[in-house]
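As you go down the protein sequences, you meet chains A and B in turn. Its first residue numbered 2, the first sequence is counted upward by one per residue in the working numbering. Its first residue numbered 2, the second sequence is counted upward by one per residue in the working numbering. The C-beta atom is built at its ideal place from N, Cα and C for all residues, glycine as well. Here is the structure we will look at.
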Amino acid sequence: MTELIGVPGTGLTRLGLKLLAEPSRVAPVVALDTRGWISPEAAWETGVLAERLIIVRCDDLILWPKVTAALLEGVRAMYAEVPARIKDHDLRRLTALARARKVAVVMRSMGNGLPTGIAHLRLRALGVTWEGVNRGHGKLKKRRLMLEASGRGAAGITRRFEVEDEGTDAVRVVSDVVVDQVGRAVGRAGSRSR
Amino acid sequence: MPRRDAEALAPFATVLVRDLAEEARCFEPIVEMVENLVPRVEVMSPGLLFVPVVGAVRFYGGEGPLAAEVAKDLGGLTADRRGGEALVGIADGPFAARWAAATATSDEPHVVTDTIGFLSQLDLSTLRETMGGEEMIDTFRWLGISTLGDLARLPRDTLASRFGNPGVLAHRLSTGEDRPVNPREIPPELGVQMAFEEPLESLDAVAFAGRNLAERLLKRLRAAGVAPHTVIVTAEAAFGPTRERIWRSADPFTEKALTDRVWWQLRAWVEAAGIPGGIVGLSITPTDLSGEGRQLGMATDESSGIEVDRALARAQALLGPDRVLQGRAQGGRMPGERVVWSRWGEPEVERERDPDAPWPGATPSPSPALVPPRLQPIDVEWDDGMPSRIRLGSRWEPVLTWSGPWRLSGRWWAGERDADRYQLVTSVGAFLCVLSEGKAFLAGVYD
Numbered sequence: 002m003t004e005l006i007g008v009p010g011t012g013l014t015r016l017g018l019k020l021l022a023e024p025s026r027v028a029p030v031v032a033l034d035t036r037g038w039i040s041p042e043a044a045w046e047t048g049v050l051a052e053r054l055i056i057v058r059c060d061d062l063i064l065w066p067k068v069t070a071a072l073l074e075g076v077r078a079m080y081a082e083v084p085a086r087i088k089d090h091d092l093r094r095l096t097a098l099a100r101a102r103k104v105a106v107v108m109r110s111m112g113n114g115l116p117t118g119i120a121h122l123r124l125r126a127l128g129v130t131w132e133g134v135n136r137g138h139g140k141l142k143k144r145r146l147m148l149e150a151s152g153r154g155a156a157g158i159t160r161r162f163e164v165e166d167e168g169t170d171a172v173r174v175v176s177d178v179v180v181d182q183v184g185r186a187v188g189r190a191g192s193r194s195r
Numbered sequence: 002m003p004r005r006d007a008e009a010l011a012p013f014a015t016v017l018v019r020d021l022a023e024e025a026r027c028f029e030p031i032v033e034m035v036e037n038l039v040p041r042v043e044v045m046s047p048g049l050l051f052v053p054v055v056g057a058v059r060f061y062g063g064e065g066p067l068a069a070e071v072a073k074d075l076g077g078l079t080a081d082r083r084g085g086e087a088l089v090g091i092a093d094g095p096f097a098a099r100w101a102a103a104t105a106t107s108d109e110p111h112v113v114t115d116t117i118g119f120l121s122q123l124d125l126s127t128l129r130e131t132m133g134g135e136e137m138i139d140t141f142r143w144l145g146i147s148t149l150g151d152l153a154r155l156p157r158d159t160l161a162s163r164f165g166n167p168g169v170l171a172h173r174l175s176t177g178e179d180r181p182v183n184p185r186e187i188p189p190e191l192g193v194q195m196a197f198e199e200p201l202e203s204l205d206a207v208a209f210a211g212r213n214l215a216e217r218l219l220k221r222l223r224a225a226g227v228a229p230h231t232v233i234v235t236a237e238a239a240f241g242p243t244r245e246r247i248w249r250s251a252d253p254f255t256e257k258a259l260t261d262r263v264w265w266q267l268r269a270w271v272e273a274a275g276i277p278g279g280i281v282g283l284s285i286t287p288t289d290l291s292g293e294g295r296q297l298g299m300a301t302d303e304s305s306g307i308e309v310d311r312a313l314a315r316a317q318a319l320l321g322p323d324r325v326l327q328g329r330a331q332g333g334r335m336p337g338e339r340v341v342w343s344r345w346g347e348p349e350v351e352r353e354r355d356p357d358a359p360w361p362g363a364t365p366s367p368s369p370a371l372v373p374p375r376l377q378p379i380d381v382e383w384d385d386g387m388p389s390r391i392r393l394g395s396r397w398e399p400v401l402t403w404s405g406p407w408r409l410s411g412r413w414w415a416g417e418r419d420a421d422r423y424q425l426v427t428s429v430g431a432f433l434c435v436l437s438e439g440k441a442f443l444a445g446v447y448d
């Protein structure tokens with residue numbers, strides 16, 4: 002269970018969909034969409050096979066745990082947006098089910114994050130920078146997303162790293178050596194996100 | 002013709018969604034009529050049925066008289082009550098018989114005496130209905146093979162090494178060797194039954210029981226390492242005769258295919274003539290098994306696919322069919338236009354725009370990961386024609402840099418206005434905005 006933490010715009014939806022690319026080569030994968038905004042086009046660009054991606058839209062707080070449980074019974078990998086007011090005990094039961102069924106789940110809370118003890122790995126967006134545009138010229142080309150990993154999946158150590166995404170399925174993880182430099186360059190972004 | 006073009010040409014036309022269950026219900030009297038003449042009717046799909054004629058030919062004194070008898074009764078039924086026409090063909094094997102019927106007329110059934118000679122003249126496209134394989138058929142055409150006769154002359158082992166199982170199947174069909182019926186003994190315990198103390202009378206209850214039974218049958222067959230090509234669906238009425246129908250499929254039945262057929266059949270029985278007193282017993286018995294469904298691909302996980310189908314069917318039952326969707330690429334300039342949505346498990350919706358067309362002025366990749374279903378009004382402040390701040394929720398974010406404007410010329414003849422697109426970059430992310438008539442709208446979030 003991986004949790005993505007960050008405000009819309011930081012690139013976490015694309016990162017979550019990217020994590021479905023590899024599982025989609027062997028079986029269908031699901032994106033659970035609470036707002037009806039997830040675009041499959043971005044998922045296809047990250048390497049998710051179009052014929053294996055199913056989008057399930059559910060904005061109902063009562064149905065969401067039931068639908069998620071039903072999906073966890075069958076799928077091998079899922080990206081799920083979590084509505085803000087889902088009860089903690091529902092999330093804990095779903096986590097136990099995902100562990101029992103060995104389902105790779107990426108969750109993104111639409112509220113203040115998941116309760117502690119749910120996620121095996123937490124990825125928090127610290128800042129994002131874009132290359133390719135300059136005051137009217139060019140177009141968005143490359144995104145650099147700074148992430149902080151924590152939780153048991155990061156061996157209990159808080160690590161920082163950077164993800165480069167050029168709009169294709171080649172998402173590169175680069176060393177955290179450069180992170181401080183980029184962090185200084187977008188210092189305002191980092192402080193705002195925190 | 003794309004639906005949009007058809008609607009443009011005929012705005013008064015009503016678009017109807019194909020209802021296979023309704024077709025099965027309308028087809029039921031025809032199946033019953035043929036069954037009265039020849040037993041063991043096998044229904045392939047609503048509108049197409051097969052009958053083994055070896056015994057009936059002796060009874061009626063030849064294939065010609067039998068075909069004429071069937072055609073006469075069918076003609077009367079379709080002309081008097083249902084409209085349309087009934088076509089009858091007789092040949093060695095279901096594939097040849099199906100195309101014999103296609104080349105018959107309602108007055109004159111087509112009795113094929115030389116099946117291999119008849120097949121050799123058929124176009125390659127006749128394979129498509131039985132086995133798909135669009136790409137393989139295109140390759141055959143590219144190699145100069147246009148008829149089944151051309152294909153039959155190729156060595157089978159060469160086709161097997163180049164195309165694998167589909168190549169062998171295509172060769173087998175073109176040489177008149179229809180799918181061999183597996184003669185293995187079918188243990189009676191492979192069938193599934195359900196008995197009901199309270200007779201089932203409502204369609205919903207019948208549908209639920211049918212689905213449950215189909216799932217149980219396939220689960221049991223999977224455990225035995227086989228898959229069904231033909232099943233007998235039996236319904237026992239509380240006050241009336243037990244009804245039985247055989248359904249056949251060229252490919253092994255999948256869970257959805259079998260559930261659909263069981264549902265169509267039960268609905269046809271309940272709605273067409275009614276089941277006196279309700280249903281007290283249901284059973285599905287496989288009569289023709291093969292090991293084809295057991296062969297798992299190396300790069301795919303078939304068993305996992307079946308579990309996913311079940312999970313999605315459950316999600317669909319909870320949320321409704323419009324909430325479980327699959328997207329396909331289509332042409333368009335804005336991100337929201339470039340995806341055509343279809344309901345999962347249903348036929349794909351036809352594309353309105355060709356995705357391979359050039360689409361000059363299309364918003365470049367990377368695509369926004371979040372695209373609102375409709376353009377959302379958003380507040381953007383401008384400073385001397387350049388974006389300076391954007392309002393995100395309750396706070397204003399300075400625009401660090403941007404690209405655009407990119408002109409989006411609307412279809413003026415349809416009342417669409419011109420607009421400008423901007424990619425706005427802030428410290429918390431990038432956004433695709435559209436500026437139209439002085440108002441800004443959010444078209445996507447590069448999340």
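Here the alpha carbons of A43(A) and G168(A) stand approximately 8 Å from one another. Taking a 10 Å sphere around the C-beta of A415(B), we find fewer than 16 other C-beta atoms and assign the residue as exposed.
For G337(B), the closest C-alpha among the options V113(B), P156(B), V435(B) and A87(B) is that of V435(B). Listed as beta-bridge partners of I391(B) by DSSP are V381(B) and E398(B). Within chain B, not a single residue places a beta-carbon under 7 Å from that of V49(A); the smallest gap is close to 11 Å. Within chain A, no C-beta atom comes nearer than 8 Å to that of R408(B); the closest sits roughly 13 Å away.
Residues of chain B with a Cβ closer than 8 Å to the Cβ of H121(A) do not exist; the shortest Cβ-Cβ separation is about 22 Å.
Taking a C-beta distance under 9 Å as the contact criterion, V281(B) and F164(B) do not qualify as a contact pair. The CB of E308(B) comes closer than 9 Å to the CB of A28, E74, G75, V76 and R77 in chain A, given here in chain order.
Put simply, the backbone Cα of L191(B) is about 11 Å away from that of P229(B). F51(B) is bridged by DSSP to E43(B).
For K19(A) and V49(A), the gap between their C-alpha atoms comes out near 7 Å. For A161(B), there is no enclosing beta strand (DSSP E); the enclosing alpha helix (DSSP H) covers residues R157 to F164. Three or more pairs of CB atoms, one per stretch, sit closer than 8 Å, so the segment 52-63 of chain B contacts the segment 26-42 of chain B. Against V8(A), the close residues of chain B are V429, in the order they occur along the chain (beta-carbon pairs closer than 7 Å). Counted as a single uninterrupted DSSP element, the alpha helix (DSSP H) harbouring F96(B) occupies residues P95 to A103. Per DSSP, reduced to three states, the secondary structure at H121(A) is coil, with no helix or strand assignment. Among the residues facing chain A, D448(B) is included, as its CB has a counterpart in that chain under 9 Å away. Bounds of the alpha helix (DSSP H) holding P41(A) are P41 to E46.
Among the residues of the segment 318-350 of chain B, those with a Cβ less than 9 Å away from any Cβ of chain A are A318, L319, L320, D323, R324, V325, L326, Q327, G328, R329, A330, P336, G337, R339, V340, W342 and W345, in the order of the chain. Residue contact with chain B for H90(A): absent (no Cβ-Cβ distance below 9 Å to any residue of chain B). Among the CB atoms of chain B, none fall inside 9 Å of the CB of K103(A). Among the residues of chain B, none has a CB under 9 Å from the CB of V83(A); the nearest is roughly 15 Å distant. Across the segment 381-405 of chain B, CB contacts with chain A closer than 7 Å involve T402, W403, S404 and G405, in sequence order along the chain. Interface flag for S40(A) against chain B is set, since a Cβ pair is found closer than 9 Å. Here T286(B) really is in contact with V232(B); their C-beta atoms are around 7 Å apart, less than 8 Å. Contact between the segment 143-161 of chain A and the segment 108-124 of chain A is established, with three or more Cβ pairs separated by less than 8 Å. By the rule that beta-carbons nearer than 9 Å mark a contact, F209(B) does not touch chain A.
When the alpha-carbon of F162(A) is set against those of G137(A), G128(A) and L141(A), the nearest one is in G128(A). Under the criterion of beta carbons closer than 8 Å, V106(A) and A99(A) qualify as touching, at roughly 5 Å. E167(A) carries a coil assignment under DSSP once its states are collapsed to helix, strand and coil. For the beta strand (DSSP E) assignment, the uninterrupted runs of no fewer than 3 residues enclosed by the segment 81-160 of chain A are, from N- to C-terminal side, 105-110, 122-135 and 138-151. Taking 9 Å as the cut-off, the Cβ atoms of A25(B) and P3(B) do not count as close. In the DSSP assignment, K440(B) is bridged to S437(B). Residues of chain B with a Cβ closer than 9 Å to the Cβ of E165(A) do not exist; the shortest Cβ-Cβ separation is about 12 Å. The C-beta of R36(A) comes closer than 9 Å to at least one C-beta of chain B.
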